[in-house]
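Residue numbers (our numbering): 295 to 742. All C-beta atoms, glycine included, are put in the ideal place defined by N, C-alpha and C.
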């Protein structure tokens with residue numbers, strides 16, 4: 295399988311010329327993330343200055359570290375080691391000594407500060423500089439309570455990512471997933487949530503009832519998921535993250551599963567198995583009215599809306615094996631889009647609308663891949679003994695999924711972990727969780 299490396303075009307020859315002749319470049323600093331990359335962009339991020347004392351004294355250092363970690367984890371940026379800095383202090387309102395930063399090949403520079411406000415909040419502000427062009431690129435200020443400093447750091451990273459790549463960032467987001475623990479024959483599965491970098495982890499359910507397939511609403515405040523009441527009766531639930539309140543979507547004569555929100559947040563699309571047949575339905579969350587979309591003796595499941603809700607992708611064995619199909623939002627005009635070798639499952643439409651991610655099984659091996667909505671341009675990004683459950687970052691440039699290792703003959707091993715990977719198939723990273731994790735769902739960007 296050909297794996298194409300993640301990309302950022304770095305003006306290496308131009309940078310070398312600048313070192314030799316000492317003349318600043320005038321080309322805009324840019325990282326086109328859809329092209330081939332030789333190496334990540336070197337970026338210097340100084341510890342944010344502060345005149346505060348007590349609990350606020352170290353916030354500038356902590357915020358800068360979060361920004362570095364976010365950008366480095368994207369695979370597009372390489373934070374310059376602080377020990378290499380020649381200019382160790384830059385006043386926020388002054389220009390840096392660009393020559394000092396060019397000598398250590400920092401192509402971008404971030405300077406920031408943290409200040410307490412009279413109302414008890416803090417302000418976090420930063421400036422981004424293009425070192426070789428000697429130009430100011432952007433500046434922004436965020437206000438919030440001191441406990442929200444991590445979110446403000448993520449917003450700084452999102453702003454830098456957007457300014458240099460032209461794409462929206464994805465750092466101020468959360469992940470909901472299934473936290474797994476216990477032996478294989480008595481597996482406890484709890485709903486858990488955390489920031490995209492693994493911080494602020496907490497469990498949302500106690501493990502008394504089996505939970506599966508969590509999905510975020512477009513507002514990132516609600517989750518829909520499947521739970522087996524007393525581990526016997528499956529129901530689809532809504533869970534409000536802020537209040538902890540949950541409610542049953544409805545009692546159905548059969549098993550409901552694979553719920554997912556429509557882009558508006560006012561509807562949920564899901565599968566319902568009844569009378570030996572599995573079809574796809576939508577439910578209006580305001581009226582609780584249920585509408586059937588498919589009508590076929592095959593198993594139709596795992597539906598996912600396009601960003602404009604005009605189409606739905608789903609998996610079905612109506613052709614004799616699991617394949618991907620697309621239909622209009624009202625259930626009309628069903629057409630098959632997957633025609634490669636193997637079986638296809640768990641499709642999910644990109645927030646950008648340009649791609650559909652999926653799981654593929656071929657010759658006993660699992661793959662995570664993407665294809666265009668018409669089925670063309672299939673690309674396989676990663677493979678293993680078991681990889682499954684892709685979910686999109688809100689910018690449509692990164693996927694998260696889970697990987698399970700094989701068990702030994704005694705049933706040991708078989709660890710399940712979360713991973714992220716970009717669309718080039720290059721920057722694959724484990725997302726660390728306190729226990730085994732599966733079936734992740736990525737939130738939209740959090741509300742301001």
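I'd like the span of the alpha helix (DSSP H) that includes residue i, first residue to last.
i: residue 449; result: 443-459
i: residue 364; result: 353-367
Helix, strand or coil for residue i? Go by DSSP, reduced to three states.
i: residue 342; result: coil
i: residue 440; result: helix
i: residue 384; result: coil
i: residue 478; result: helix
i: residue 639; result: strand
i: residue 429; result: strand
i: residue 392; result: helix
i: residue 319; result: Unreliable positioning characterises residue 319 in this predicted model, as indicated by a pLDDT of 43, which lies under 50. The coordinate reading is nonetheless provided below. Residue state, collapsed to three classes: coil.
i: residue 719; result: coil
i: residue 708; result: coil
i: residue 556; result: coil
i: residue 583; result: coil
i: residue 649; result: coil
i: residue 485; result: strand
i: residue 310; result: At residue 310 the pLDDT is 32, less than 50, meaning the model places this residue with poor confidence and gives no usable figure here.
i: residue 473; result: strand
i: residue 406; result: strand
i: residue 733; result: strand
Tell me where the beta strand (DSSP E) around residue i begins and ends.
i: residue 618; result: 617-622
i: residue 674; result: 673-678
i: residue 565; result: 561-568
i: residue 599; result: 594-599
i: residue 611; result: From DSSP, residue 611 is part of no beta strand (DSSP E); its letter is neither H nor E.
i: residue 663; result: 659-665
Just to confirm, are residue i and residue j a CB contact at a threshold of 8 angstroms?
i: residue 607; j: residue 643; result: yes
i: residue 400; j: residue 337; result: yes
i: residue 323; j: residue 458; result: yes
i: residue 661; j: residue 674; result: yes
i: residue 509; j: residue 490; result: no
i: residue 679; j: residue 710; result: no
i: residue 406; j: residue 358; result: yes
i: residue 481; j: residue 473; result: no
i: residue 552; j: residue 499; result: no
i: residue 247; j: residue 492; result: Because the chain in this structure spans residues 295 to 742, residue 247 falls outside the shown range and cannot be described.
i: residue 630; j: residue 613; result: yes
Pop quiz: residue i and residue j are said to be a contact at Cβ under 8 angstroms. What is the actual Cβ separation, rounded to whole angstroms?
i: residue 734; j: residue 663; result: Wrong, their Cβ atoms sit about 17 angstroms apart, outside the cutoff.
i: residue 455; j: residue 335; result: 11 angstroms between Cβ atoms; not a contact.
i: residue 543; j: residue 532; result: 6 angstroms
i: residue 535; j: residue 516; result: 7 angstroms
i: residue 361; j: residue 404; result: 7 angstroms
Check whether the segment 365-374 and the segment 423-438 touch, using three or more Cβ-Cβ pairs below 8 angstroms as the test.
Because the criterion of three Cβ pairs below 8 angstroms is not met, the segment 365-374 and the segment 423-438 do not touch.
Is the number of C-beta pairs between the segment 341-352 and the segment 682-696 that are closer than 8 angstroms three or more?
The way I'd put it, the segment 341-352 doesn't touch the segment 682-696; fewer than three beta-carbon pairs between them come closer than 8 angstroms.
Is it a yes or a no for the segment 563-574 touching the segment 585-603, going by three-plus beta-carbon pairs under 8 angstroms?
Contact between the segment 563-574 and the segment 585-603 is present: three or more C-beta pairs spanning the two stretches fall below 8 angstroms.
Kindly confirm or deny that the segment 714-724 and the segment 453-467 touch, where touching means at least three C-beta pairs closer than 8 angstroms.
They do not touch, by the three-pair rule.
May I ask you to verify whether the segment 631-639 touches the segment 603-621, counting CB pairs closer than 8 angstroms and requiring at least 3?
Contact between the segment 631-639 and the segment 603-621 is present: three or more C-beta pairs spanning the two stretches fall below 8 angstroms.
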